[in-house]
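Take the UniProt record's numbering: the final residue in the sequence shown is number 248, and no numbers are missing along the way. For every residue, glycine included, the Cβ atom is placed at its ideal position computed from N, Cα and C. Worksheet: one structure, shown below.
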Amino acid sequence: MSAQLAIPATTYLLKTIIEDRLAAAYQGLPTPPVLVAPPPRPAQSAPGNSQPQQAAESPSLTLFMHHAGPNGAWRNMHEPVVNSAGQRIRRDPLVLDLQYLLAAHGADLEREALLGIAMSALHRNAIIPRPMITQMLGRIAAPNPAEKLLDRLPSAQLADPDHQPETITVSQLPVDIDTSTKLWSAFQSPIRPCALYQVTTVFLEIEEAYPPPLAVETVRISGRPEPTGSESPFAPDVILSRAAQDEA
Numbered sequence: 001m002s003a004q005l006a007i008p009a010t011t012y013l014l015k016t017i018i019e020d021r022l023a024a025a026y027q028g029l030p031t032p033p034v035l036v037a038p039p040p041r042p043a044q045s046a047p048g049n050s051q052p053q054q055a056a057e058s059p060s061l062t063l064f065m066h067h068a069g070p071n072g073a074w075r076n077m078h079e080p081v082v083n084s085a086g087q088r089i090r091r092d093p094l095v096l097d098l099q100y101l102l103a104a105h106g107a108d109l110e111r112e113a114l115l116g117i118a119m120s121a122l123h124r125n126a127i128i129p130r131p132m133i134t135q136m137l138g139r140i141a142a143p144n145p146a147e148k149l150l151d152r153l154p155s156a157q158l159a160d161p162d163h164q165p166e167t168i169t170v171s172q173l174p175v176d177i178d179t180s181t182k183l184w185s186a187f188q189s190p191i192r193p194c195a196l197y198q199v200t201t202v203f204l205e206i207e208e209a210y211p212p213p214l215a216v217e218t219v220r221i222s223g224r225p226e227p228t229g230s231e232s233p234f235a236p237d238v239i240l241s242r243a244a245q246d247e248a
């Protein structure tokens with residue numbers, strides 16, 4: 001079983017949770033958008049102009065999934081399954097933890113207000129219940145039949161316990177100045193008010209069924225006499241190395 005759309009479906013859930021909170025906070029005012037692209041880079045200067053004209057930044061939020069790593073608990077939970085020939089016959093599940101950057105854009109103090117609203121929305125929905133997942137994915141208006149891959153997003157199995165055994169959990173990550181500097185340097189974007197979050201646990205592939213064992217074709221029964229006295233307790237077909245015989 002697989003859930004190829006688990007990652008974009010998770011991002012859509014977080015985006016929708018924040019958008020609903022923004023709509024309630026702005027109460028009819030123009031609501032800033034929530035973008036899933038990386039933070040924008042500064043405008044480039046025109047030829048012959050060493051100092052580009054800085055336009056006022058419109059208010060918006062960035063929700064960018066920048067890292068997907070293995071979940072340590074599920075990674076170590078399943079032992080490899082091999083057959084009698086030593087060949088691996090069962091895959092471990094692919095279970096991920098997703099890390100998101102939440103950043104606010106805009107002028108003056110509105111950036112901080114936007115960040116606070118978004119953080120409050122994620123805090124209120126730290127554990128996303130399965131009925132909410134079903135309801136939010138059902139909002140997507142997709143053509144039938146699908147014309148592109150993301151048109152199948154409403155059918156993502158993010159709320160199905162068979163495909164997602166654990167609920168989606170959102171937790172804020174502590175960030176030091178070194179991590180923040182490296183992250184914003186990689187984006188090549190001016191630093192803005194931000195927070196980092198980890199979303200766990202997202203199952204991309206989970207295979208619960210073991211392959212059927214091979215049928216027993218031949219049964220062999222053998223016996224050997226019980227050693228008595230000074231006889232060796234080892235079977236006659238067990239050969240000791242010279243060093244082991246000397247020690248004995």
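Cα separation between residue i and residue j?
i	j	result
leucine 204	alanine 6	6 Å
proline 30	isoleucine 17	17 Å
threonine 169	alanine 142	27 Å
leucine 196	arginine 139	27 Å
isoleucine 171	alanine 186	A small fix is needed here, since residue 171 is serine in this sequence, not isoleucine. When rounded, the distance between both Cα atoms is 23 Å.
residue 249	alanine 103	The requested residue 249 is not part of the displayed model; the chain covers only 1 to 248.
proline 8	histidine 163	15 Å
methionine 65	alanine 24	25 Å
asparagine 144	aspartate 108	44 Å
arginine 75	alanine 3	17 Å
arginine 130	isoleucine 221	55 Å
proline 32	proline 165	34 Å
lysine 15	alanine 215	52 Å
histidine 67	proline 38	12 Å
Mapping the DSSP letters down to three states, classify residue i as helix, strand or coil.
i	result
leucine 114	helix
isoleucine 221	coil
glutamine 172	strand
isoleucine 140	coil
histidine 123	helix
arginine 152	helix
serine 58	coil
arginine 75	helix
aspartate 160	coil
threonine 31	coil
glutamine 135	helix
alanine 3	coil
Run through the DSSP bridge pairs and tell me what residue i is partnered with.
i	result
methionine 65	Tyr100
proline 70	Leu96
phenylalanine 187	According to DSSP, which records beta bridges pairwise, phenylalanine 187 is partnered with nothing at all.
valine 36	In the DSSP output, where bridge partners are listed per residue, valine 36 has none listed.
isoleucine 128	Ile168
histidine 105	Ser60
What residue range does the alpha helix (DSSP H) around residue i cover?
i	result
alanine 25	6-26
Check the C-beta distance from residue i over to residue j and give it rounded, since I have them as a contact under 8 Å.
i	j	result
valine 202	threonine 11	That pair is no contact at about 10 Å.
serine 155	histidine 105	Rounded, the Cβ-Cβ distance is 33 Å, inconsistent with contact.
leucine 183	leucine 63	Not confirmed; about 14 Å, so no contact.
serine 189	arginine 41	5 Å
leucine 173	glutamine 198	5 Å
aspartate 92	glycine 69	Actually they do not touch by this definition, with Cβ atoms about 15 Å apart.
proline 193	leucine 115	5 Å
valine 34	asparagine 71	Going by Cβ atoms, the distance from valine 34 to asparagine 71 rounds to 26 Å, so no, they are not a contact pair.
leucine 13	isoleucine 128	6 Å
leucine 149	leucine 137	No, leucine 149 and leucine 137 are not in contact; Cβ-Cβ is about 15 Å, not under 8 Å.
Which residues mark the beginning and the end of the beta strand (DSSP E) in which residue i is found?
i	result
threonine 201	194-205
Give a single yes or no on whether residue i has its beta carbon closer than 8 Å to a heavy atom of the ligand ATP.
i	result
alanine 6	Although the ligand ATP was asked about, the structure shown includes no ligands whatsoever.
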